[in-house]
Every structure is written in C-alpha cells, then in structure tokens.
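Enquirer:
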C-alpha cells in the first residue's frame, strides 16, 4: 500500500521489447522514415526540389517556419518537411486544418507523418515546451484554393495568429518562399456548390485530372520544378509569455512577413525560365 | 491536533482505498466514511455511516464530527454503470448536499477535495491535443455523464468563490488503470475483444490507481486551491495499449458507429458508452504541468500504467481474482467500540 512520498519501489520490466515510437503528437519516426524513403524519388527526380538559404533554419530550439501555399493538394508541405528532415535531421511538425483529423485512415497517417491540427495551444506547446520546428501556411485553404490565373498572389495571412504564437513562445519566424507548388497541381475551375455539399473548403477540377485521370489527378503532382528559398529568421522584440499582444503590432508584423515572402516569390519567378525546367 | 477527515463514497473502490491510506497516517485523528453501500476494503479505524445516495444526511455528520476536511471521491464518471437519473442524483445532488454541509455556519470544514474526471473537457476533432486546466470546452457536453460533471464543475467554482476561507481542490483524473480497480477502460481491456474505430488510432492518457490514491492524499496534505489535471506523463495510442495488454481488437465502422456498437454490447463482447466512442475516435490529452509544479511526483507514466495493468492481467489469468471483501457491520462495531477489545495505541 503506497502511502506518503516514499521512493518508488524498483520494478522489473522487460527491456528487449521494441519501444513504440509514436510521440505525444502522434508522429511516428519510423513511419516518417518510411514515407521519406517513398517520397525521396518524387522529391529528387520528379519535382527536383532545390534549396537556398537552408542555413537559416535553426539546428536547435523552436522556430516557426512560415511559407506560401499553393496547388489544389499542395506539394509544398511535403517538400519542405522532406527537405528539412533529410538535410538537418530534425523533425518538422506541419500544422493543418482540423479537417484531416476527421478522416479515417488519412487522418491517422497524416498524424503519424507529423501533421498536427492548427490549434494555437498545439503550436505554442510544440514551439515553447518541446522546442520543435513547426511549419505553418498562414494563407490556409485560401492559398490552396486559388485558380491557376491567381497563382503566386499571396492571400491574407489569416489574422496574424502565427505571429502572436511566435511572440508568446519567444521563437523566431523563418519565412520560406516556394515556387513550383502552384503549377504542380493547378486549379482550372472550382465549384462552390459541390464544395458546400461535401463540406469541403473548395472543390477543384485540376489540370492533373486531364493528364492522370479523375482520381489520380487529385493525388499526383505535375513535374513542376520546385525552388525553396529560406529567408533570415525574423525575431520579435517583445516579452514572451504574454497572453495577448497589441493587435496592430501583430497585424503589422504579419503583413511585413507576407510582403517579404511575396517579394521573394516574385524575385524567384523573374529568374525562372521554364515552369518545368526551372 | 490531527486532521479530521470525511470521505464520501466509502463504498466505492476509491473511498475505501483513500480511507486505508489515511488510516496509516499519524497526523489523521479521525476518518468518517459515508456511503449508501458498505466499504469495499477492510478498514481498521474508519467510522462508517450509512447514508442515502444523495447525501442528505451529510450536514448532520459534518456538524457532529467537526471534520476539517471533506474528500469527495464519489463522483460517477462511468455511464455504463448507472442510469442517467442515478448519475444526476449522485453527481449533482450529492455534491450540492456536500457543499451545503461544508459551508453551513457551524461547519469546521477548511478543505474540500473533489475527485473528478478529464471527461469534463470532452473529446472533439477541433480540441487542442493537451487541455490545460483553464482550457474552455468548445462544445456543449452531449452525454448525461458529461453534463452532470460539467454541472458539478460550476457548483464547485461557485462554492470556491463564495467560501474563500475553504481551500477547494478539484483533481481531474485521466482514465484510470490498475490491478484492483474496475474502470471503463480496465473493463474494455478485460473483455473478449477491445473495440476500435476503423481508421482511427487516438492518443490517450492513463493514470495508475496508486497515483490516483497518492494524488488525492497529496491534495489532502498540501494546500492546492483550484483545479489540477492528473494523468501519467506521456501519451499512448490505443493500438499500442491493446498490443501491450495483448488484446485483440474488433473494428467498428467510422460511420454509424453507435448503431454498430449495439450488437457488440448485446453479445457482451464489449461495453461502450457514447463518450468512450468519442474518445476512441479523437482521444484526449491533458497538460499536467500544474500538479507537477505543486510538487507531486508520478510513479507511473501513461505507458507504465498500461504495462503494470498488463502484468496484473497476466498474473490474474494464472491465479484468478481474489474473493471480494464483505463488510460485516456487527463485527466492525465490535472491534472498534466494544470494551472487550484491548486497543493498542501503536497499532493501526
């Protein structure tokens, strides 16, 4: 009968049992290793992702990676996660819509691969308590739901929630500009009505469907050349840990980071000669 | 002068277990246990008072015994064990009577400790992965047991506001596992097959029964105003839980899950409450930093609690379950109060 605060009795446990590797966020390193192995040929030979400024991603401590978002089923998230994890050997947790969590099988696989629902408490805990790298696309589905003619015009960065979380957690924001994502799965047309009926943020007809067929056209990206440019970290000169920060300041910082990424995306597009060859 | 403690729910596993733990302490002078049912474990010096289920008698007991601490272990968080009406009666009315007794003008009560459950946070797809004590529930509670516990929560909040001189502690426990106690999850893991929802493998937290007793004792002996989550450090997925215990799983479809669970219940393959189904879909985690900061130390992590349960199950399969203890009122009265018994001060 345990009483008081005496030391715990030593217990004998079997040591040879394999340690299950699903962490507190549902991410499984062994599952990630498997998906990395499967994704590597796509990353390397199909999308031919090339990085600049990877040294701006910190090797330890929490940091919030903020990137532009595009493509019906965006390839920017797996490309950034794959690149950082293989080059820096650090896990990346990707914040995304709660939508994923509701889907059977897909939701579980997404979670094992490092996906976390974009709740402010989750982001704060990952960045502050667990000191991890967190990837977020502040445009959300407004970014991925763009038609092909609106590509690379960055949407509003939400309400700047990502800036507030980074301020509270006391971590830098690392802006990332991506090109190639929009052309990997461009949306030719979308139906508001079907989207509403299915409860989806948007219901697209993609260019990929004319190439790969109606089903595979929602999964397989076109071989657009991916370029990823990491910008120097943005640090905020505020006291961390506060419950609330000045709205205006948060919105200004958010807009500044959006403009920074937009500027860089434009710069990369100026240098691009071909969508497919880069 | 030592502490004088009243324990509700002496007829539950927790009430009896707590009374046992308190009996071993020298700084506790008196333990009074109240319940409609008789104690579940053998006790040596706890005084047992038989009460009605909603504790209308409590005010008299508190006045007569001058207790300084009330330990409320009687909240029912398992809806498979009683009807919605009984749940309301036990949880809401029982707590109201208890708080009224504690706040009565002649009461000496200075500390109220309540054992409640992390069930009050619910389990929903847009919930955070780790609830803090001040996290607000985003959705209206859907099941009777959750509604009653949420109502108890607001009763306690009002009570703490109205009685600043009484330290009111709420301990919210994650799902409990242990060698001896029968809980929602221990029963799920004892049945022929453990249910799962196809395509979902949620993160869960467990707390070992010894840590439950220790946390309640910690709250009695330390001043802990407010609410505290109690869960073994870490999380574990439901599939790992079943694998550790060596339990086959039976999959329920992700749609029409509730009707699909009915035949399983009828065939006694498994027993599923609606709130369990929500948990098997989205799981739940709580932030335990607050109680750790107050100085509490866990003996079992979530994973270790599951491992300990698996070990106990393996032993149980070989030696069977022990005979349950039966309380005999006359015998207990004789040993406590008869002048024929020579009571030795040092024994307890």
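Residue numbers (the numbering used here), protein chains in the order written: chain E, 1 to 278; chain D, 279 to 626.
All C-beta atoms in this analysis are idealised placements derived from N, C-alpha and C, irrespective of residue type, glycine included.
What first and last residue would you give for the beta strand (DSSP E) that runs through residue 51 (chain E)?
Expert: Residue 51 (chain E) -> beta strand (DSSP E) spans 50-52.
Enquirer: Please look up how many angstroms separate the CB atoms of residue 352 (chain D) and residue 368 (chain D), rounded, as I've assumed it's under 8 angstroms.
Expert: Going by Cβ atoms, the distance from residue 352 (chain D) to residue 368 (chain D) rounds to 7 angstroms, so yes, they are a contact pair.
Enquirer: Decide if residue 34 (chain E) is buried, meaning its Cβ has at least 16 other Cβ atoms within 10 Å, or exposed.
Expert: That one is exposed.
Enquirer: For residue 274 (chain E), count neighbouring C-beta atoms within 10 Å of its own C-beta (all shown protein chains included) and say buried if the count is 16 or more, exposed if not.
Expert: By the 10 Å Cβ count, residue 274 (chain E) comes out exposed.
Enquirer: Around the C-beta of residue 479 (chain D), are 16 or more other C-beta atoms found within 10 angstroms, so that it is buried, or is it exposed?
Expert: By the neighbour-count rule (16 or more Cβ atoms within 10 Å), residue 479 (chain D) is buried.
Enquirer: Does any CB atom of chain E fall closer than 7 angstroms to the CB of residue 422 (chain D)?
Expert: So no, residue 422 (chain D) is outside the interface.
Enquirer: Kindly list the residues whose CB is nearer than 7 angstroms to the CB of residue 269 (chain E), restricted to its own chain and excluding five residues on each side of it in sequence; keep chain order.
Expert: Closer than 7 angstroms at Cβ, skipping near neighbours: 152 and 179.
Enquirer: Compare the beta carbon distance of residue 379 (chain D) and residue 337 (chain D) with 7 angstroms and say whether it is the shorter of the two.
Expert: Cβ distance < 7 angstroms, so residue 379 (chain D) and residue 337 (chain D) count as in contact.
Enquirer: Once DSSP output is grouped into helix, strand and coil, what is the label at residue 485 (chain D)?
Expert: In the structure shown, residue 485 (chain D) sits in a strand (DSSP, three-state: E or B).
Enquirer: List the residues of chain E whose Cβ lies closer than 8 angstroms to the Cβ of residue 560 (chain D), in chain order.
Expert: Within 8 angstroms Cβ-Cβ: 101.
Enquirer: Does residue 204 (chain E) come out as helix, strand or coil in the three-state DSSP assignment?
Expert: Note: residue 204 (chain E) maps to strand in three-state DSSP.
Enquirer: Taking the Cβ atom as the reference point for each residue, do residue 377 (chain D) and residue 437 (chain D) lie within a distance shorter than 7 angstroms?
Expert: Contact: yes.
Enquirer: For my contact list, residue 467 (chain D) and residue 587 (chain D) are in at a C-beta cut-off of 8 angstroms; report their separation, rounded to the angstrom.
Expert: At roughly 7 angstroms, the Cβ-Cβ gap stays under 8 angstroms, so residue 467 (chain D) and residue 587 (chain D) are in contact.
Enquirer: If you draw a straight line from the alpha carbon of residue 690 (chain D) to that of residue 340 (chain D), how long is it in whole angstroms?
Expert: Chain D is shown from 279 up to 626; residue 690 (chain D) falls before or after that span and cannot be answered.
Enquirer: Cα separation between residue 589 (chain D) and residue 65 (chain E)?
Expert: If I take the Cα positions, the gap works out to 44 angstroms.
Enquirer: Which same chain residues end up closer than 8 angstroms to residue 162 (chain E) when comparing Cβ atoms and leaving out the 5 residues on each side of it in sequence?
Expert: Result list for residue 162 (chain E): 64, 66, 123, 136, 138, 173 and 254, in chain order.
Enquirer: With respect to the beta strand (DSSP E) encompassing residue 431 (chain D), which residues constitute its N-terminal and C-terminal limits?
Expert: Unbroken run through residue 431 (chain D) is the alpha helix (DSSP H), 422-440; no beta strand (DSSP E).
Enquirer: I'd like to check one pair, residue 563 (chain D) with residue 448 (chain D): are the Cβ atoms closer than 7 angstroms?
Expert: No.
Enquirer: Assuming residue 454 (chain D) contacts residue 487 (chain D) under a Cβ cut-off of 8 angstroms, what Cβ separation, rounded to an integer in Å, is found between them?
Expert: Yes, they are in contact, since the Cβ atoms of residue 454 (chain D) and residue 487 (chain D) sit about 6 angstroms apart, within 8 angstroms.
Enquirer: Enumerate in chain order the residues of its own chain whose CB-to-CB distance from residue 6 (chain E) is below 8 angstroms, with the five nearest sequence positions on each side excluded.
Expert: Caution is warranted here: a pLDDT of 45 is assigned to residue 6 (chain E), below 50, making its placement in the model unreliable, and no coordinate value can be reported.
Enquirer: For residue 116 (chain E), which residues of its own chain have a beta-carbon under 6 angstroms away from its beta-carbon, when the five flanking residues on both sides are left out?
Expert: Answer for residue 116 (chain E): 25, 93, 95 and 122, listed in chain order.
Enquirer: Given a cut-off of 7 angstroms on the beta-carbon distance, is the pair residue 398 (chain D) and residue 434 (chain D) in contact?
Expert: Cβ atoms of residue 398 (chain D) and residue 434 (chain D): not closer than 7 angstroms.
Enquirer: Using a Cβ-Cβ distance cut-off of 7 angstroms, determine whether residue 128 (chain E) contacts chain D.
Expert: No - not a single Cβ of chain D is within 7 angstroms of the one on residue 128 (chain E).
Enquirer: At which residues does the alpha helix (DSSP H) containing residue 181 (chain E) begin and terminate?
Expert: Per DSSP, residue 181 (chain E) belongs to the alpha helix (DSSP H) from 181-184.
Enquirer: Below 8 angstroms, can you find three or more Cβ-Cβ pairs linking the stretch 78-90 of chain E to the stretch 185-195 of chain E?
Expert: Touching, no.
Enquirer: Taking Cβ positions only, does residue 407 (chain D) come closer than 7 angstroms to chain E?
Expert: Cβ-Cβ to chain E under 7 angstroms: yes for residue 407 (chain D).
Enquirer: Assign residue 246 (chain E) to one of two classes, buried (16 or more other C-beta atoms within 10 Å of its C-beta) or exposed (fewer than that).
Expert: Exposed, because fewer than 16 other Cβ atoms sit within 10 Å of the Cβ of residue 246 (chain E).
Enquirer: Can residue 317 (chain D) and residue 326 (chain D) be called in contact, C-beta distance under 7 angstroms?
Expert: Yes. Within cutoff.
Enquirer: With 16 other CB atoms within 10 Å as the buried threshold, where does residue 526 (chain D) fall?
Expert: Exposed, since its Cβ has fewer than 16 Cβ neighbours within 10 Å.
Enquirer: So, with DSSP's three-state summary, where would you put residue 350 (chain D)?
Expert: Strand, per DSSP.
Enquirer: Might you give, ordered along the chain, the residues of its own chain that have their beta carbon closer than 6 angstroms to the beta carbon of residue 423 (chain D), omitting 5 neighbours on each side?
Expert: Counting only Cβ-Cβ distances below 6 angstroms, and skipping sequence neighbours, we find 357 and 365.
Enquirer: How many angstroms separate the CA atom of residue 53 (chain E) from the CA atom of residue 75 (chain E)?
Expert: Approximately 20 angstroms, taken between the alpha carbons.
Enquirer: Assess, as a yes-or-no matter, whether the stretch 258-268 of chain E is touched by the stretch 205-213 of chain E under the definition of 3 or more beta carbon pairs within less than 8 angstroms.
Expert: Because the criterion of three Cβ pairs below 8 angstroms is not met, the stretch 205-213 of chain E and the stretch 258-268 of chain E do not touch.
Enquirer: What residues in its chain sit with their C-beta under 6 angstroms from that of residue 281 (chain E), if we drop five residues either side in the sequence?
Expert: Outside the displayed span of chain E (1 to 278) sits residue 281 (chain E), for which this structure offers no information.
Enquirer: Can you give me the Cβ contacts of residue 672 (chain D) inside the same chain, cut-off strictly under 7 angstroms, excluding the 5 residues immediately before and after it?
Expert: Only positions 279 to 626 of chain D appear in the structure, and residue 672 (chain D) is not among them; the question remains open.
Enquirer: Would you list the one or two residues that DSSP bridges to residue 313 (chain D)?
Expert: For residue 313 (chain D), which the question treats as bridged, DSSP gives the partners D:328.
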